[in-house]
Each structure stands twice: as structure tokens, then as C-alpha cells.
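Encoded as C-alpha cells, the structure appears first; notes follow it.
Residue numbers (this note's numbering), protein chains in the order written: chain Y, 184 to 578; chain A, 8 to 101.
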């Protein structure tokens, strides 16, 4: 038995033979190598059977001599299917276009939803997003990944504390948490103001309460600066002491800085390559050249393409090659000292409150060891040293 | 006379050397699956065929198959596969 699939691939024709001596005709066909199957006798002088498409010509020749009549009554198989399809090209194109369209549309952004933001913040976010290309009709695989968008948004808009970015299907969801300026605690309990560390008072500004210290006084940690108990002896009254007491305080910091250091610095030149990846195989789409850099770092962004609601196992991959170069930096003794001072100062300023100021600095000693400079610096800082201490009632 | 003698030699050969009879003696090999399929090898051509009857030429004599709803599933120069309801398989000697 021949394989049915072969019949399908090569195409077959159903024929009807009418006339006398059909059997003789069939025998003759067989002897001439024409394959016949599914022979059925309709009546005395009619039979139907199937032959291969390639045997049609030979069969026609045979019929002429046999005195039978031949009718073609049916056709099946791939060649005919192909012909039919050619005739219905429009339909095929339509199907293809439909899938292409669905594919394209499922990879677009159709909605940008922002939740939890005030109208003006929402407007600003929308503007930023537009700048990043996140808007209706943008292709998802050309956009930054959600984490990067999140990072950029939090960096660029200072009124939001946190923004959650989520891409669900074709919709971007932004969950915004806005910064709320903490309100001054209005109703505070009765309290003293005490020193948070030892200092020499430089100036003071008391809003409420009984100051117990004067300018140029030396105070220790925990010493009461402004008392919350006011009024004369016997007629005292408890109030929440308020005010700012500035005192000179002292800090010591140590900085260790190497003279020579090597950095990897990006030069700003980069090159992109785009791929369509299926499994482990990736097909380059754009960017076929080798990166023209001798030192570079690569950055991979991989996105699954979608069809309708499903993620396909096909990925759009973007590889960014960033050129970097080694930069060697070496300081002289003076430069290193300068740099160390700068670093220490910056570090200290980061720790201090905004109303504090550094009034003096002095290098205690600087040593050179193992190619590093070690600097100890003493700072004089004027800052608010008052911190509240509640008065425990019932004493 | 000669023909008969050759036949006898062949008969003897099959018996003594245990060769398959259909090869040596050019006999048809008929395989039936229940009464729905019949597969005949070594025939010599179609004589008549209708949906109730199939007559095949053999090397010696004819084979007549009777039944209903006959369809020749495949036919090759020496093989034939018939499908239908088979009632009788008859040898006609000549």
C-alpha cells in the first residue's frame, strides 16, 4: 500500500470510465504502470477510480484506443489546493494581514493609567512619559524597561517619593506615592530644650521658655538649655520650650586617599545592535558591524513579544555596546591633601543639618603610607544643638 | 505432456525442499481478513468486476470472489486488495 500522504502531496484525480471492456482497460493501465485505487463499479458499464495527477496524460492516450469514455469528476491533493489558494490570494493576504495587525497592536501601548497622583503631578508625569516615548501607540519593545522608566521618573520628578511601574498587556500602570511635607507638630507637650552634645554657645534664639545659659557658655551633653518651667517661684507654669540654640561644636574626621587610582570611564560613544531571539538563536535585525571599540561594556535588554494576551517565546533583544577607557589619576602630595580635605568636608556637610555651618578646619596631621595619604582634620562647626526633652509631669 | 511433466517436477520440489508453494508453482497467495478484506497476490489480470463479483485470471484457471459492496482499494499488475462483504471465494479450473 502506498502512503496516503504521498497521494496528497502529488495530487490525485477521480475519474469515471464509461463503456464496454472496463476490465480490459484497467488491466492495460496496470501493465503500463498507472497506479489505480478505490475502484468502484457504478453499474454495468461505468466505473470510478482514482489515479495520480501525473498519470492523466498517459491515461488519456490509453483511452483513445480502448473505446471507453473518460470523465474527470474530482480532484484532491496539494497541487489543486495550491491552485485554489493562488486564486484566493486576497483571502490569504487578509489572514496574514490580520495576524500581523494583531501582533503589531498587541505590542503597542494602548493605555497609560496613573493612580494616586494629584492632577498637576499627573500632568508632569504624563509630560515626562511623553518625552520618554511612553504614550498611546508607542511600540513596547522600543521603550525602556519598566524598571528604567521607574528610575527616570523618580529622578526627574521631585514631588513623588515612589512610583510603581507595571506593564500589563498593553497598559502601563503607574502607582504614584507623592511626597507629603511633614507638618510641624503643632500641639507639642511641655518640654525643655537640652544640648545634644558638648558645645560653646555662640548665639541663641528662644521663642518660648526660660533660657538657662548665655552666649559663650560651655555646655555638656544633656544639659538643659531652655527650661519649660516659667514664672516666678511658687507661680510656675509649664510650657513647651521652643527655640534654636547655636553652639560651636567639634568634629574630627579621618580620610584615607590613594595617590594613584585607576578608573573605568565611559567615553559616551556607544553602538546598538538589535536582535529577534527565538530560544537560543538570535537573528540580527539591525547593526551588523562589530563594535569599533577596543574596550567596551555590553548592556542587554530583552523583551518578550506579545500576541494578543500571551507572551511569545520570541524576544526583541537590544544590545548596547558602550565604549569605556581606563583613566589613571595620580595626585601630588598637595593635590591629595586638598582632595582629602574636600572629601572630608563634603562628608561632614552631608551629615549636618542645613542651618549648620563649618567655621573652621585644621589639619591635625597628615601621613603618607603605602602610597596613600591619611589625613586627620578637625572641624569647628556652628549648629543648632538644642533637642527637646519632655517634662515628665507629676514630678 | 511436457506441461504436465513440469508440473510434477515442481510439485516434487516443493515437497522435498520445503519451498513456498506460491513461489515455485506460481499459485496465488490469498490473504483474508475476516470477510471484509481479501488480498490476492500473483494474479494475471482482471476479468470482470462489479460491486457483487470479482473475477481474476490466474496462471491456471480463474478465481471468483462473490459478495457485496465491492471496492478495489488497490490494484497493481500482480496484486489486488478488495474491500467489501465477501461471501464466496471460488476456484474455477479449466
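Built from N, CA and C at the ideal position, the CB exists for glycine as well. Here the structure is a predicted model, which means the values were calculated and not measured.
Min CB distance residue i to chain A below 8 Å
i, result
"residue 234(Y)", "no"
"residue 500(Y)", "no"
"residue 184(Y)", "For residue 184(Y), the predicted model reports a pLDDT of 48, less than 50, meaning its position is unreliable; a value from the coordinates is still stated below. Output row for residue 184(Y): interface = yes."
"residue 220(Y)", "yes"
"residue 252(Y)", "no"
"residue 486(Y)", "no"
"residue 203(Y)", "no"
"residue 214(Y)", "yes"
"residue 267(Y)", "no"
"residue 209(Y)", "yes"
"residue 223(Y)", "yes"
Cβ separation of residue i and residue j, assumed to be a contact under 8 Å, to the nearest whole Å
i, j, result
"residue 426(Y)", "residue 350(Y)", "Incorrect: roughly 52 Å between the Cβ atoms, too far for contact."
"residue 241(Y)", "residue 215(Y)", "6 Å"
"residue 297(Y)", "residue 359(Y)", "6 Å"
"residue 46(A)", "residue 70(A)", "About 12 Å separates the two Cβ atoms, so there is no contact after all."
"residue 198(Y)", "residue 255(Y)", "6 Å"
"residue 147(Y)", "residue 292(Y)", "Residue 147(Y) is absent from the model: chain Y starts at 184 and stops at 578."
"residue 549(Y)", "residue 531(Y)", "Between residue 531(Y) and residue 549(Y) the Cβ distance is about 17 Å, and since that is not below 8 Å, they are no contact."
"residue 65(A)", "residue 27(A)", "Their Cβ separation, rounded to whole angstroms, is 17 Å, which puts residue 65(A) and residue 27(A) out of contact at 8 Å."
"residue 324(Y)", "residue 488(Y)", "7 Å"
Distance CB(residue i)-CB(residue j) smaller than 8 Å
i, j, result
"residue 193(Y)", "residue 224(Y)", "no"
"residue 563(Y)", "residue 543(Y)", "yes"
"residue 541(Y)", "residue 560(Y)", "no"
"residue 50(A)", "residue 87(A)", "yes"
"residue 295(Y)", "residue 317(Y)", "yes"
"residue 206(Y)", "residue 54(A)", "yes"
"residue 251(Y)", "residue 196(Y)", "no"
"residue 84(A)", "residue 213(Y)", "yes"
"residue 245(Y)", "residue 211(Y)", "yes"
"residue 322(Y)", "residue 261(Y)", "no"
"residue 411(Y)", "residue 568(Y)", "no"
"residue 62(A)", "residue 94(A)", "no"
"residue 384(Y)", "residue 430(Y)", "yes"
"residue 408(Y)", "residue 378(Y)", "yes"
"residue 471(Y)", "residue 452(Y)", "no"
"residue 67(A)", "residue 92(A)", "no"
Limits of the alpha helix (DSSP H) - the one that residue i falls within
i, result
"residue 338(Y)", "329-339"
"residue 272(Y)", "272-289"
"residue 254(Y)", "Per DSSP, residue 254(Y) belongs to no alpha helix (DSSP H); it is in the beta strand (DSSP E), 252-259."
"residue 538(Y)", "Run containing residue 538(Y): none; DSSP gives neither H nor E here."
"residue 96(A)", "Residue 96(A) -> not in any alpha helix (DSSP H); beta strand (DSSP E) instead, spanning 86-99."
"residue 514(Y)", "Careful: residue 514(Y) lies outside any alpha helix (DSSP H) and carries neither H nor E."
"residue 195(Y)", "Premise fails: residue 195(Y) lies in the beta strand (DSSP E), 195-201, not in any alpha helix (DSSP H)."
"residue 208(Y)", "205-214"
"residue 315(Y)", "302-315"
8 Å Cβ cutoff, residue i in contact with chain Y
i, result
"residue 35(A)", "no"
"residue 38(A)", "no"
"residue 83(A)", "yes"
"residue 79(A)", "yes"
"residue 52(A)", "yes"
"residue 21(A)", "no"
"residue 58(A)", "yes"
First through last residue of the beta strand (DSSP E) which encompasses residue i
i, result
"residue 426(Y)", "425-441"
"residue 567(Y)", "555-567"
"residue 39(A)", "36-40"
"residue 480(Y)", "479-490"
"residue 55(A)", "53-56"
"residue 14(A)", "That residue, residue 14(A), is in no beta strand (DSSP E); its alpha helix (DSSP H) goes 9-24."
"residue 351(Y)", "343-351"
"residue 226(Y)", "219-226"
Check your understanding: Does the stretch 454-462 of chain Y touch the stretch 14-34 of chain A, meaning 3 or more C-beta pairs lie closer than 8 Å?
Key -> no
Point to revise | Validate contact between the stretch 461-473 of chain Y and the stretch 430-449 of chain Y using beta carbons, cut 8 Å, 3 pairs | key: no
Check your understanding: Taking contact to mean at least 3 C-beta pairs separated by less than 8 Å, is the stretch 416-430 of chain Y in contact with the stretch 389-405 of chain Y?
Key -> yes
Exercise for review: Give a yes or no on contact between the stretch 470-485 of chain Y and the stretch 497-514 of chain Y, applying the rule of three or more CB pairs nearer than 8 Å.
Suggested key: yes
Check your understanding: Contact between the stretch 303-322 of chain Y and the stretch 332-345 of chain Y: three or more CB pairs below 8 Å?
Key -> yes
Check your understanding: For the 8 Å Cβ check, are there 3 or more pairs between the stretch 503-518 of chain Y and the stretch 437-447 of chain Y?
Key -> yes
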